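Residue numbers (the working numbering), protein chains in the order written: chain A, 1 to 568; chain B, 1 to 410; chain C, 1 to 345.
In structure tokens form, the structure reads like this:
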């Protein structure tokens, strides 16, 4: 929007209202109260983990610092750097090519580039290890052909290494950047780019000087998501024998039996992530990334020919092939060869699907309430509570699982004894080991995923749109229902789908918090894989991928249609 | 949020016969002197209203009333607090001081805040804020509550007919031109039959030619609906075209309020005079209760000797006559369409030469370098306290975007 | 309109889920709830048999043992769990130390489980025994070159040893046993020497170590016997081929015997179905269940006189370590610190 006097006044007044903590729209205290309540509820495990920082833990820290911690830190930093570069190059590059260029196969790539999202990183790690390690078919074939017998005869890149972990994680995580960068490029006004062309910049310069900086918040957000997943990951690095900070957390907790120190390490990790986010915010400085014009036209697209077209195709298809086609084929091959495909998977697939669905709906509903309440009453208290609630994403799943389990157990036990004292009924634990508790844990972990998306898209609904509805007689709830939700339904869908896919893949919280006699696909995959029955794990893993595929397809469809004015 | 609304408030009303408007046009409000509402009282009273963000007082002790059927215009440069005042009337902001009385009911201030949806106000936004996810008819019907589907439709169609958009009922907002969007937005705001219409720079998104036409149509629609209107603009010409009365604002305060002609003819401040058009400003010192100038002495009542003042003269108050005995030399003359602008230099005895502009009609006299004598219409010359030169200029014509990308949510 | 409907749907789903959860938690007539770290398929068939015979329903929650310990801790006295079952003695010991288990006296269990495979106070009982041994390449190593685990510290094995990460409870228990026998200093020196002799960075599971020997990446692997057995009987040709190139060596036969560990279980302090739980524990120590462990996973039955699987019998008799496995649990934390200090990842 052009910076008209009134518009800037509105924005300015909003900013000032934030500073002052006033309630511009006379937002109902109900919204604030419920938001703070929800946020505190969801933030409780995070707070619980952070509280460990102040508990003394004897000499464990000293032991860790003197022995393994430096290596963990170095590995984590290298892994993050590698994956960060990987996902940015892969995600931004493919997003730009697919959005702005025309070449054969672009239509397929548009959605196919998202496919690796349905692949749990640990599953991809299994398949590549199975394929490429010393005893795997590739190296065996090489030895066969050349008559070699051991590694002393030849050199082959070690897949179980930091490099391997970087490649595998980049392959499955680049879609986060692709998704957000593509949305940003689609939203960019072509006029801005044309202005850049008329100012004498070529297409490349236009990309680096205009499009990229404009898309920077989105790229940063996507990269941040990918890096948080990287930091959280345990399965992949464990499998690849790369000891990261997260390995340290697990080892301290599981091995040394020091949950307190593990939580402290988790808190350190959290602070590190926060610092990263802050640095990005600060470096963005006062520059605003509002789009200054809303004149959209059909994106022209640079027609690529010859080697350029070939290069674009190769670059884009590589990600799809290595991140999805190859591992999925390997899974399919293993499943067909080794696993008896049986109906055991059916109830598990149903469990996984229903859990993911309920969690996605809950995350979207809670995300909407929190984002809207924050919009209505941007008070410091609301903001702080909301931030706390969305920190869960930065904490390794297993730490979150424990952080959730412990307070939940306290509440649950208090509830049980309360009911027993007052009604004489022995209820046992009502929450722990229930689906509700599991959904709660997912909320703790993934609320940030839905909230951030919803918050961002809610911010795009102009203030006057809201004011119009209010002056036309709709209250806050009516406005949310009749204006905001229809307007941001695309983002709601996206947010829900992201959570859905994440929950399908989620392991640590599911493992520790699920009810008796209740299995999901991820649990089964992990159980088989950890029993060194990789090939048998292929079948449930494949089902995870297949079930996750549907939402990913819907997601790419939603993104493709999201271009402003792209309806007609 | 309903508790504020349900709190019973004594019905108060605006300046009745007992409440003389103070020179600023607002009611010298003493709440205790407010009488129970007689018929014909004001739609809206802003009673010593202030709005502040932190230390900054965006609106500072503003009082005025909008009378039934009246169109009151808040005019001022950007950042003068006029939009905030409007938003307070709508309930989109809440005053830190003072009270807002809507149809005899306190709706804002003093711990009361009736939310916008309970105020029965219509708001016409600068960017129109049409809902992009529903069609034109549904947009207009959006605010019509408590009626059957058919009645809502009927009422919405009726409104669309009034603004000449009945053929676009099924169209989508993104298919409309700026002018069409403005009309739909007007119909939508009027459809629930609000007691008060609030217009926030409603024509700034339109190009000049279309603007004149839409402005005219809007005025007729508003006047025929009989609703009271509070409108915000930075364009003095627009204000004079639309308004029954104009409140001119600056720095969060009302400088002067009155009918357009009154403001033009009898500006209360240098700022008011210059806001309606370019003026000649001659700095001077008061001497013996008067100001001396090349055009003779002007009485300066209310000033002490030695006070620094500005003699403000509208260019059209000057008429020129060729003659070697004239006091001024013509530097340049330009034809501006309906009038000519003549630049002159008057050599003054006291100090630096004075640069004056005169506006004349008729054919452009090609008289560069000629000596002219100047005749002054003294009713268009004013003595005001000297102001610093950072005086807010009338805002330049702003380039407006079409409403924000409505399609982005389709 | 869309959202509220979705939301109320979500809420009712959550509500329903809560009820389901609650009803699952509510105790019905005869059942017993087991938190197990054993893999489903290695325990489910024998539990089904128990249900068949006794009519007692067994509800299962399988997860990592450490996660289960955390869950038991947080659930406290209201925990629905009756039995906590692990694949390694160290975690049983930790559960006891954390106060999650209760001691039981059962003449059946005491008769069926040898003293070295159960807690002296009856907090937990072994259900199957596993041996951690040395595997060697038939081509490149002569069995005469091998003697004890301690001997693997010899420089002649430099660059020839494959062993998994120290995160594995099996390695932790191996070292814990060594600490108990040889003392901390010697055990640490040994670990250091092993790290120096590794053919590659520790990675993968026990099967991977054996496969690596077969593939020529190393000559010596340290692994549990039942993994080897699993490879020999595998339906995958490449696993069978690999196993054929590798042979098993019983270390320490002249000295303290082969390193033994157990899978086992204890009854939780919060057990609501204690009688049923004891019944299940006794059943699992009985002949039928012991036979199952021996056959299905080629583990060693703890029940004296129970038959080993044919395959395991073919490896011949060997001398087992005699110390009570409880020692392994007690030295566990020390073992991990040693691993950290010598950079055995």
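Every residue, glycine too, gets a C-beta built ideally from N, C-alpha and C.
Because the structure is a prediction, the values reported are computed rather than measured.
Pairing residue 186(B) with residue 221(B) gives a Cβ-Cβ distance under 8 Å. Where residue 267(C) is concerned, the enclosing beta strand (DSSP E) starts and stops at 259–268. Here the C-alpha atom of residue 82(C) lies approximately 37 Å from the C-alpha atom of residue 344(C). Here the C-alpha atom of residue 327(C) lies approximately 11 Å from the C-alpha atom of residue 118(C). Residues of the stretch 446–467 of chain A with a C-beta atom less than 9 Å from some C-beta of chain B are 457, 460, 461, 462, 463, 464, 465, 466, 467, listed in chain order. Listed as beta-bridge partners of residue 114(C) by DSSP are no residues whatsoever. Listed as beta-bridge partners of residue 62(C) by DSSP are 36(C). In the displayed model, residue 324(C) falls within coil according to three-state DSSP, outside both helix and strand. Across the stretch 94–128 of chain B, CB contacts with chain A closer than 7 Å involve 94, 113, 115, 116, 117, 121, 122, 123, 125, 126, 127, in sequence order along the chain. Of all residues in the stretch 471–489 of chain A, those with a C-beta nearer than 9 Å to a C-beta of chain B are 471, 472, 473, 474, 475, 476, 478, 479, 482, 483, 486, 487, 488, 489, reading in chain order. What residue 135(A) touches in chain C, judged by beta-carbon distance under 9 Å, is 208, 211, 212, 214, 215, 217, 238, 242, going in chain order. By DSSP's assignment, residue 285(B) forms a beta bridge with 308(B).
The beta carbon of residue 198(C) sits closer than 6 Å to those of 161, all from its chain and outside the five residues before and after it, given in chain order.
For residue 310(C), the enclosing alpha helix (DSSP H) begins and ends at 310–314.
Judged by DSSP secondary structure, residue 124(C) falls within the beta strand (DSSP E) whose first and last residues are 124–137. The way I'd put it, the stretch 326–333 of chain A doesn't touch the stretch 399–415 of chain A; fewer than three beta-carbon pairs between them come closer than 8 Å.
Here residue 279(B) has 273, 312, 314 as same chain residues with Cβ atoms under 6 Å from its own Cβ, once five neighbours each way along the sequence are excluded.
In the three-state scheme derived from DSSP, where H, G and I count as helix and E and B as strand, residue 48(B) is classed as strand. Contact between the stretch 163–177 of chain A and the stretch 237–250 of chain A is established, with three or more Cβ pairs separated by less than 8 Å.
Annotated as proximal: residue 525(A) and residue 544(A), with beta-carbon spacing under 8 Å. The straight-line gap separating the alpha-carbon atoms of residue 267(A) and residue 69(A) is approximately 15 Å.
Of all residues in the stretch 388–412 of chain A, those with a C-beta nearer than 8 Å to a C-beta of chain C are 398, 401, 402, 405, 406, 408, 409, 410, 412, reading in chain order. Against chain A, the beta carbon of residue 336(C) has neighbours under 8 Å at 251, 255, 256, listed in chain order. With the rule of 3 Cβ pairs closer than 8 Å, the stretch 199–211 of chain C counts as touching the stretch 229–245 of chain C. Remark: C-beta atoms of residue 393(A) and residue 449(A) approach each other more closely than 8 Å. Interface criterion not met: the Cβ of residue 325(B) is under 8 Å from no Cβ in chain A.
Proximity of residue 512(A) to chain C, defined by a Cβ-Cβ separation below 8 Å, is satisfied. Under the Cβ criterion (8 Å, minimum of three pairs), the stretch 282–290 of chain C counts as touching the stretch 111–129 of chain C.
Residue pairing by DSSP places residue 86(C) opposite 264(C) in a beta bridge. Taking a C-beta cut-off of 8 Å against chain A, the contacting residues of the stretch 80–91 of chain B are 83, 84, 87, 90, 91, listed in chain order. The three-state secondary structure of residue 236(A), taken from DSSP, is helix. Non-local beta-carbon contacts of residue 69(B) in its own chain, meaning distances under 7 Å to residues more than five positions away in sequence, involve 226, 228 in chain order. Counting only Cβ-Cβ distances below 8 Å, residue 52(A) has no contacts in chain C at all, with the closest Cβ about 14 Å away.
Residue 131(A) and residue 350(A) have their C-alpha atoms some 30 Å from each other. Three or more pairs of CB atoms, one per stretch, sit closer than 8 Å, so the stretch 95–105 of chain A contacts the stretch 304–319 of chain A. Residue state for residue 193(B) is assigned as coil, using DSSP reduced to three classes.
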